[in-house]
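Right, one structure below, let's go through it.
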Amino acid sequence: MNTSMNTTLAEKAATPTFSIAMEERKVAAASSAKAIAEKLDFWYGTNQALKNINLRIAENHVTALIGPSGCGKSTFLRCFNRMHDLQADTKYSGSIMLHPENINLVAKEVDPIEVRMRIGMVFQKPNPFPKTVFENVAYGLRLRGFSGRTELAERVEKALRAAAIWDEVKDRMNESALALSGGQMQRVCIARALATEPEILLFDEPTSALDPIATAKIEELITELRQRVTVLIVTHNMQQAARVSDFTAFMYLGELVEVDATAKIFTNPSKKATEDYITGRYG
Amino acid sequence: MAAVMTIEELRHGLSRRKHLDKLFVVVGLLILMSCLGLLALLFLDLVRDGASRFGWDFLTQFPSRKAERAGILSAWVGTSMIMLVTAVVSLPVGVAAGIYLEEYAPKNWFTGIIEINVTNLAGVPSIVYGLLALGLFVYQFGFGQSVLSAGLTLALLILPIIIVGTRESLRAVPKAIREAAYGLGATRWEVTKDHVLPYSTGGILTGLILGLSRAIGETAPIITIGALSFIAFLPGSPVTGEFPFLNWDWLWSEFTAMPIQIFNWVSRPDQAFQQNAAAAAAILLGMTLAMNAIAIYIRYRFRKKINW
Amino acid sequence: MSTTATTRTAAMGEGVFSSLRYRKHRDRVIELILLAAALVAVFTTLAIVFILVYESAAFFEHVSIKDFLTDTQWTPLFDDAHYGIMPLVSGTLTVTFVALLVAIPLGTIIAVYLSEFATYRMRETVKPILELLGAVPTVVYGYFALLMVTPFLQKLIPDLPGFNMLSAGLVIGLMIVPYVASVSEDAMRAVPRYMREGSYAMGATRLQTAMRVVVPGALSGIAAAYILGISRAIGETMVVAIAAGMQPTLTFNPTEPAATITAYIVQVSLGDLPHDSIGYQSIFAAGLVLMLMTLVFNLIGFFLTRRFREAY
Numbered sequence: 001m002n003t004s005m006n007t008t009l010a011e012k013a014a015t016p017t018f019s020i021a022m023e024e025r026k027v028a029a030a031s032s033a034k035a036i037a038e039k040l041d042f043w044y045g046t047n048q049a050l051k052n053i054n055l056r057i058a059e060n061h062v063t064a065l066i067g068p069s070g071c072g073k074s075t076f077l078r079c080f081n082r083m084h085d086l087q088a089d090t091k092y093s094g095s096i097m098l099h100p101e102n103i104n105l106v107a108k109e110v111d112p113i114e115v116r117m118r119i120g121m122v123f124q125k126p127n128p129f130p131k132t133v134f135e136n137v138a139y140g141l142r143l144r145g146f147s148g149r150t151e152l153a154e155r156v157e158k159a160l161r162a163a164a165i166w167d168e169v170k171d172r173m174n175e176s177a178l179a180l181s182g183g184q185m186q187r188v189c190i191a192r193a194l195a196t197e198p199e200i201l202l203f204d205e206p207t208s209a210l211d212p213i214a215t216a217k218i219e220e221l222i223t224e225l226r227q228r229v230t231v232l233i234v235t236h237n238m239q240q241a242a243r244v245s246d247f248t249a250f251m252y253l254g255e256l257v258e259v260d261a262t263a264k265i266f267t268n269p270s271k272k273a274t275e276d277y278i279t280g281r282y283g
Numbered sequence: 284m285a286a287v288m289t290i291e292e293l294r295h296g297l298s299r300r301k302h303l304d305k306l307f308v309v310v311g312l313l314i315l316m317s318c319l320g321l322l323a324l325l326f327l328d329l330v331r332d333g334a335s336r337f338g339w340d341f342l343t344q345f346p347s348r349k350a351e352r353a354g355i356l357s358a359w360v361g362t363s364m365i366m367l368v369t370a371v372v373s374l375p376v377g378v379a380a381g382i383y384l385e386e387y388a389p390k391n392w393f394t395g396i397i398e399i400n401v402t403n404l405a406g407v408p409s410i411v412y413g414l415l416a417l418g419l420f421v422y423q424f425g426f427g428q429s430v431l432s433a434g435l436t437l438a439l440l441i442l443p444i445i446i447v448g449t450r451e452s453l454r455a456v457p458k459a460i461r462e463a464a465y466g467l468g469a470t471r472w473e474v475t476k477d478h479v480l481p482y483s484t485g486g487i488l489t490g491l492i493l494g495l496s497r498a499i500g501e502t503a504p505i506i507t508i509g510a511l512s513f514i515a516f517l518p519g520s521p522v523t524g525e526f527p528f529l530n531w532d533w534l535w536s537e538f539t540a541m542p543i544q545i546f547n548w549v550s551r552p553d554q555a556f557q558q559n560a561a562a563a564a565a566i567l568l569g570m571t572l573a574m575n576a577i578a579i580y581i582r583y584r585f586r587k588k589i590n591w
Numbered sequence: 592m593s594t595t596a597t598t599r600t601a602a603m604g605e606g607v608f609s610s611l612r613y614r615k616h617r618d619r620v621i622e623l624i625l626l627a628a629a630l631v632a633v634f635t636t637l638a639i640v641f642i643l644v645y646e647s648a649a650f651f652e653h654v655s656i657k658d659f660l661t662d663t664q665w666t667p668l669f670d671d672a673h674y675g676i677m678p679l680v681s682g683t684l685t686v687t688f689v690a691l692l693v694a695i696p697l698g699t700i701i702a703v704y705l706s707e708f709a710t711y712r713m714r715e716t717v718k719p720i721l722e723l724l725g726a727v728p729t730v731v732y733g734y735f736a737l738l739m740v741t742p743f744l745q746k747l748i749p750d751l752p753g754f755n756m757l758s759a760g761l762v763i764g765l766m767i768v769p770y771v772a773s774v775s776e777d778a779m780r781a782v783p784r785y786m787r788e789g790s791y792a793m794g795a796t797r798l799q800t801a802m803r804v805v806v807p808g809a810l811s812g813i814a815a816a817y818i819l820g821i822s823r824a825i826g827e828t829m830v831v832a833i834a835a836g837m838q839p840t841l842t843f844n845p846t847e848p849a850a851t852i853t854a855y856i857v858q859v860s861l862g863d864l865p866h867d868s869i870g871y872q873s874i875f876a877a878g879l880v881l882m883l884m885t886l887v888f889n890l891i892g893f894f895l896t897r898r899f900r901e902a903y
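Protein chains in written order, with the numbering used here: chain G, 1 to 283; chain C, 284 to 591; chain V, 592 to 903.
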């Protein structure tokens, strides 16, 4: 699959045949690409985990990655912020071009730390640092050398508001983030990622460790975030993908089987494997 | 979405942070290597200082007023006998205590107290054990300044090491093995004796050797109970030619030990004796390191052999 | 088993049940034996406390607690005997302080390096070496201090006496570096991977992750390493007995010779003091002070370690 094909799919998605919801969300075929993966391969040692992935990530939209356990969706996600570089003996080939600058995120000469500063990530298990709520959210700013108390406070508040948790923690800024509930911790982690205003925000199964109420809040939040940031989310939960995403990509055995507007994937997938997975035949 | 700072600003800050990172790598490696290097240098110097005294005579002669005729015969024989007592006493007690704490002990305040006790004992300065032994074994029990007193003292000293080693290796035996044996109607002791202990032998042995390697170098408690530094005789041999072939006199004998001998020689201003000290210290060091190497090897072998 | 059962099952049943009764009985006996072994640890502690308090009580019949704590001289073996513990405490604290000045920074940096920067192979090679260094007999370190480090220091500080606390403290510090490094490194390794990932994903460097996330996360474990290191330095005997001199002096100047509590006990033990003499009793009073000092640190260390284990 290549870029032009993706565009065609997006065009299809915009036609009324497939989705009224899509129209409401004003998903335009013209929405520009924030990142484009092309011929991406990835290896753990000699074990090839990703094979020839081609995917276009639409700017200010939510793209969901679904597929059975071990299909490579988390591996793919972690290519975007080069988390694999922390492990020895991993290798990328192909490209993930970040627009508008057109730099290849997985190129050797591109500094993984710079990549991670520009692309935020929220993990499966809420992982706040053993610090206060304030210091957790301020972490990325401090890494960048911000130290003015007022400026930090302003940016922290803005991030916490954006993560829809300001009201719950505004009086608990100096308490340990580890004292919060699981759902609150996860929203603090989202605020932590938002504080540095990343260009893309990656979610790696962000609700799999949370109860249904906390999950609903996070989902609502992701839906709102779409207006200001490009989101890529890995999820086990197909209802979740259907609820929050604009585009859905189905992966299987390290390959990208199909990508399309979410409504199309869930109502009328074009590949048999996608249909089997969605109707619960495996996974 | 507007970023909090421009790419140029971001890159500029990043390059500074990365320099700090590299600086730390250099500093950390330098400190690690200089610590290890300094210690290696000291050990080499020790061997060099003592080199002129190594030889058969050094091992087979008693201490003497003349440095060049002095040897460590009574010291290494004394050390061996003390280690024998220490091992024979500490192994069964330590392993039994470890089994109790790991396999039997219910979780309550009482076993909690035993656990705090074991942890605390591991941190009690060794010279305090010497004071205990002086008051208890030497005077209250009337064992005198003997091999037996010394052996018992060091046995108490290394008990925590053996208990901890035993517990760790018992803990490594998977629950499934225990459940399989219980499922066949075995009692707790049968499960422990037939299944858990055999798999833990390596860990227990490692604990014992590590404990003994600690005991062999301990000086302070033995000085406290009154080891002599000038002994020109050997304790009676534990094995005799006549029925019943065993002789217990050695237990009550006065003694000296390797570390005592080193301490005595180091404290003399005469350089010739200091060379003796270096030679004896190098031999003692060799013994400790060899014991540790064996322990590490056993731990490694058993880890490799057992695949759950 | 009922009498109506067939011979075969009756025999088998009786066999099984009597042997089961026997086995359960045996289990009970063995449990008691094992318990007795575990109680040896408790009795050892009780015996230490009893002996120290019992012999010290005799000492304090001759010496008032006030003199013990306020007199500035410690000369129990002289005709003009003074029994002020402070000179021994000052020596102990000075040596410990010098040792910590070496052990804490070096041990921590080595731990951070091994835990966050070193490759797997490097860590697996260096850690056993550190463990080996911890096993070197202290009398050997005493030799280093007196015959190698002191002569070297005398080149830097010309009027440094042959016996001094500086050299002893430095060597004790070097001696506990492996211990502090190894325990701190264990604590840092126990900080969960997802915590580090959270930091790296924000664009932190290794050093920033280590200093801002891993070290704070492992803080109680690292504190335990320091505290147990302090306890070791306080209780260390042979290095000070060999290299620091045995003259009790009320001083905090590390370039002077002085005695520590442990060195004093060794000094008295080397002589042949009659049982029941005040000199004999004085080492138990000194030992009691030593025990109390280390006990405080050991208990703090124990609870810190436990709190740390609960955290993750």
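Quick reminder that beta carbons are idealized off the backbone N, C-alpha and C, glycines included.
Computed from a predicted model, the values in this text were never measured in an experiment.
- Listed by position along chain C, the residues whose Cβ is nearer than 7 Å to that of ASP85 of chain G form an empty set, because the closest Cβ is around 14 Å away.
- Sequence-distant partners of TYR734 of chain V (beyond 5 residues in either direction) whose C-beta falls short of 8 Å from its own C-beta, in its chain, are ILE833.
- Residues of the stretch 777-804 of chain V that bring their beta carbon within less than 9 Å of a beta carbon in chain G comprise VAL782, PRO783, TYR785, MET786, ARG787, GLU788, GLY789, SER790, TYR791, ALA792, MET793, GLY794, ALA795, THR796, GLN799, ARG803 and VAL804, in sequence order.
- Closer than 8 Å to the CB of ARG149 of chain G there is not a single CB belonging to chain V.
- In the three-state reduction of the DSSP assignment, ASN60 of chain G falls in the coil class.
- Residue contact check for LEU293 of chain C against chain G: a CB pair falls below 8 Å.
- At least one C-beta of chain V is nearer than 8 Å to the C-beta of PHE129 of chain G.
- Taking ALA193 of chain G as the centre and dropping the five residues before and after it, the same chain places the C-beta of GLY120, MET121, VAL122, GLY140 and LEU201 closer than 8 Å to its C-beta, in chain order.
- Counting only runs of 4+ residues, the alpha helix (DSSP H) found wholly inside the stretch 375-434 of chain C occupies 392-406 and 409-416, in chain order.
- Annotated three-state conformation of ALA573 of chain C is helix, per DSSP.
- GLY120 of chain G is bridged by DSSP to G:LEU201.
- Of all residues in the stretch 96-123 of chain G, those with a C-beta nearer than 9 Å to a C-beta of chain V are PRO112, ILE113, GLU114, VAL115, ARG116, MET117, ARG118, ILE119, GLY120, MET121, VAL122 and PHE123, reading in chain order.
- ALA334 of chain C sits in a helix when the DSSP states are folded into three classes.
- DSSP places PHE250 of chain G in the strand class (E or B) of the three-state scheme.
- Burial is judged here by how many other beta carbons sit within 10 angstroms of a residue's own beta carbon; ASN81 of chain G has at least 16 and is buried.
- The DSSP-derived three-state label of ILE165 of chain G is coil.
- Chain C places a beta carbon closer than 8 Å to that of VAL631 of chain V, counting this residue as a contact.
- Using a 10 angstroms sphere on the CB of ASP671 of chain V, the tally of other CB atoms stays under 16, which defines it as exposed.
- PRO68 of chain G and ASN237 of chain G have their alpha carbons spaced roughly 10 Å apart.
- Cβ-Cβ separation between GLY94 of chain G and GLY254 of chain G: approximately 13 Å, too far for a contact (criterion under 8 Å).
- Runs of the alpha helix (DSSP H) lying entirely within the stretch 785-850 of chain V and spanning at least 4 residues, in chain order: 797-800, 810-826 and 829-834.
- Between THR402 of chain C and PHE893 of chain V, the C-beta spacing is below 8 Å.
- Residue pairing by DSSP puts SER176 of chain G in a beta bridge opposite G:THR132.
- At a cut-off of 8 Å, the C-beta of ARG348 of chain C has no neighbouring C-beta in chain V.
- The DSSP-derived three-state label of ASP89 of chain G is coil.
- With respect to the C-alpha of VAL644 of chain V, the residue from V:LEU890, V:LEU881 and V:VAL887 having the closest C-alpha is V:LEU881.
- Bridge partners of THR230 of chain G according to DSSP: G:ILE200.
- Taken in chain order, the complete alpha helix (DSSP H) segments of 4 or more residues contained in the stretch 722-750 of chain V are 729-735 and 741-747.
- Taking a 10 Å sphere around the C-beta of TRP392 of chain C, we find fewer than 16 other C-beta atoms and assign the residue as exposed.
- Sequence-distant partners of ILE545 of chain C (beyond 5 residues in either direction) whose C-beta falls short of 6 Å from its own C-beta, in its chain, are ALA560, ALA563 and ALA564.
- The CB of GLN557 of chain C comes closer than 7 Å to the CB of LEU738 in chain V, given here in chain order.
- The straight-line gap separating the alpha-carbon atoms of PRO667 of chain V and SER655 of chain V is approximately 14 Å.
- In the DSSP assignment, TYR44 of chain G falls outside any alpha helix (DSSP H) and within the unbroken beta strand (DSSP E) covering 33-44.
- In the pairwise beta carbon analysis, the stretch 853-871 of chain V is classified as not touching the stretch 362-381 of chain C: fewer than three pairs are separated by under 8 Å.
- At the C-beta level, ALA380 of chain C and ALA632 of chain V come within 8 Å of one another.
- Under the three-state reduction of DSSP output, ALA709 of chain V falls in the coil class, being neither helix nor strand.
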